[in-house]
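As they're listed, the protein sequences go chains X and B. In terms of our numbering, the first sequence opens at residue 246 and continues consecutively. In terms of our numbering, the second sequence opens at residue 246 and continues consecutively. Each residue gets a CB set at the ideal place from its N, CA and C atoms; glycine is no exception. Contents: one structure, followed by commentary.
Number of protein chains: 2
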Amino acid sequence: MDTFAARGYNNASLAEIAERAGVTQAGVLHYFRSKALLLTSVLELRDRTDIEQLGAERPRGLAFLRHLVDTARRNAEREGIVRLYAVLSAESVTDDHPAQPYFRDRYTGLRAFVTDALIEACGLPETDRARAHDAANAIIAVMDGLQVQWLLDPGSVDMAASTDLAVTSLLATLAPDRFGRPGA
Amino acid sequence: MDTFAARGYNNASLAEIAERAGVTQAGVLHYFRSKALLLTSVLELRDRTDIEQLGAERPRGLAFLRHLVDTARRNAEREGIVRLYAVLSAESVTDDHPAQPYFRDRYTGLRAFVTDALIEACGLPETDRARAHDAANAIIAVMDGLQVQWLLDPGSVDMAASTDLAVTSLLATLAPDRFGRPGA
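Structural data, given as structure tokens:
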């Protein structure tokens, strides 16, 4: 995880990974077959850990949106994980990258989940699904984009405050009667 | 530009770049000294082109925020440039990356410019600068994050619509009397 976060996938060497893990390269390949499969395993392990931390009940609706803001807050204390995802998600759009299907599927799932949470939190009719979908993409994008800015210049970026401001503002636009005019 | 966008900096080979440009590797190095300096030159060339397209008068205040939404719209027709920035900005947070100072400075400048535009558009007092700064980071983040999602799955991401929704919503939160309750 540390090596992929520090170097990206393409520039990570199996020799370095093996040395940091205290095994031989053959040992790494015995368990993971290839660098590409090792990467996928690292990402899946991270996802399992996050899902387990959420507990049995995954929050829904407004609680899920608040959970995203909490995630942005906690992320400011786990630079390694943030770097892993920021580097690999963007690197995955390069030619023939082994994590491309992983990130495409991850965004598809997250997009559906955030869209549903917005619809539920705002009490929107099904006809507003396209707008909720655009707002969901914006929320996911805010979280991702803030990570790159924060990694480059942590003193200038408050990930939790900016995420909260974006989520709160989008809720007020989607459901002005429920969430409108915050602070007014 | 194409090679850095398709492979990232670390994985790009000077041999490929030289071949695509129809010169020898020695020829590339004669003009650019190193792969790192070639990368910086490519990024600076792009910036100059964008600034020239803006014309002599850089828009301010609300016009600048609208210009960002227009940029998101135009970006959907220039996949190569979008990929270049998405890949390199995230890769720049890896260890010893040559474009790290470039992207740190770029975000610093953009952050100041978007913050000033928000303050001007919303008529905010200087005491609201911290909030405008958080909103500016969110706007920049939305644009960046949408690019990665769009590159992975263009049919599921409307960059202009999501950027517009985020900017409009943040304006309404910062200045409810001026921009509040859109669509209500």
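task: Could you check what DSSP says for Ala429 (chain B) in three-state terms: helix, strand or coil?
output: Unreliable placement is indicated for Ala429 (chain B), whose pLDDT of 46 sits below 50; no coordinate value is reported for it.
Counting contacts by CB-CB distance shorter than 8 angstroms, is Val387 (chain B) in contact with chain X? yes
Q) Is the shortest distance between the beta-carbon of Gln394 (chain B) and the beta-carbons of chain X less than 8 angstroms? A) yes
* Asked: Which of helix, strand or coil does DSSP assign to Ser279 (chain B)?
  -> coil
TODO: Please list the partners that Gly325 (chain B) has in chain X, where partner means a Cβ-to-Cβ separation under 9 angstroms.
DONE: Going along chain X, no residue has its Cβ under 9 angstroms from Gly325 (chain B), so there is no contact; the nearest lies around 12 angstroms.
- Task: Identify, in the order they occur along the chain, each residue of the same chain with its Cβ nearer than 7 angstroms to the Cβ of Val332 (chain X), setting aside the five sequence neighbours on each side.
- Result: Ala250 and Gly253
If we define contact as Cβ-Cβ less than 8 angstroms, is Phe277 (chain B) a contact residue for chain X? no
Notebook entry, point to check: Are the Cβ atoms of Gln394 (chain B) and Asn320 (chain X) separated by less than 8 angstroms?
Noted result: no
**Prompt:** Count the other CB atoms within 10 Å of the CB of Gln298 (chain B); is the residue buried (16 or more) or exposed (fewer)?
**Reply:** exposed
message = With distance defined between alpha-carbon atoms, name the residue in X:Ala308, X:Arg303 and X:Arg323 nearest to Met246 (chain X).
response = X:Arg323
Alpha helix (DSSP H) segments (min. 4 residues) lying fully within the stretch 286 to 329 of chain X: 306 to 320
* Limits of the unbroken alpha helix (DSSP H) element including Ser407 (chain X) -> Met404 to Leu419
Between the beta-carbon of Ala411 (chain B) and the beta-carbon of Leu415 (chain X), is there less than 8 angstroms? yes
Between Ser279 (chain B) and Thr353 (chain B), what straight-line distance do the alpha-carbon atoms span, to the nearest angstrom? 26 angstroms
Worksheet entry | chain X contact for Thr413 (chain B) (CB, 8 angstroms cutoff) | yes
Quiz item: So, does the CB of Ser407 (chain X) fall closer than 8 angstroms to a CB anywhere in chain B?
Solution: yes
Worksheet item: If you draw a straight line from the alpha carbon of Val287 (chain B) to that of Val327 (chain B), how long is it in whole angstroms?
Response: 14 angstroms
- Counting only beta-carbon atoms, is Phe358 (chain X) nearer than 8 angstroms to chain B? no
Query raised in the report: What residues in the stretch 297 to 319 of chain B bring their beta carbon closer than 8 angstroms to a beta carbon of chain X?
Result: none
- Message: Please confirm whether Leu259 (chain X) has its beta-carbon closer than 8 angstroms to some beta-carbon of chain B.
- Response: no
Exposed unless 16 or more other CB atoms sit within 10 angstroms - verdict on Ala257 (chain B): buried
- prompt: How long is the line joining the alpha carbons of Thr248 (chain B) and Pro304 (chain B), rounded to whole angstroms?
  reply: 32 angstroms
Open item on the list: Would Glu336 (chain X) pass as an interface residue toward chain B - the criterion being a Cβ-Cβ separation below 8 angstroms?
Closed with: yes
**Request:** Measure the beta-carbon distance from Gly306 (chain B) to Ala366 (chain B) and round it to whole angstroms, keeping in mind my assumption that it falls under 8 angstroms.
**Result:** 5 angstroms
- If the cut is a Cβ gap below 8 angstroms, which residues of chain X does Val402 (chain B) touch? Asn382
What residues in its chain sit with their C-beta under 8 angstroms from that of Ala429 (chain B), if we drop five residues either side in the sequence? Note that Ala429 (chain B) has pLDDT 46, beneath the 50 cutoff, so the model's placement of it is unreliable and the number below is only indicative. Within the same chain, Ala429 (chain B) has no close Cβ partners at all.
Assumed close pair Thr360 (chain B), Ala335 (chain B) - CB separation to whole angstroms, cut-off 8 angstroms
Rounded, the Cβ-Cβ distance is 23 angstroms, inconsistent with contact.
* Asked: For Asp379 (chain B), which residues in chain X fall below 7 angstroms Cβ to Cβ?
  -> Asp403, Ala406, Ser407 and Leu410
| query | Using a C-beta to C-beta distance shorter than 7 angstroms, which residues of chain B count as neighbours of Arg349 (chain X)? | reply | Leu397 and Asp398
Return no unless some Cβ of chain B is closer than 8 angstroms to the Cβ of Asp373 (chain X). no
*asked:* Quick check on the DSSP output: the alpha helix (DSSP H) that includes Glu365 (chain X) runs from which residue to which?
replied: Gln345 to Cys367
query = Is it buried or exposed for His275 (chain X), if we count other Cβ within 10 angstroms and need 16 for buried?
reply = exposed
So the alpha helix (DSSP H) Ala250 (chain X) belongs to, where does it begin and stop? Asp247 to Asn256
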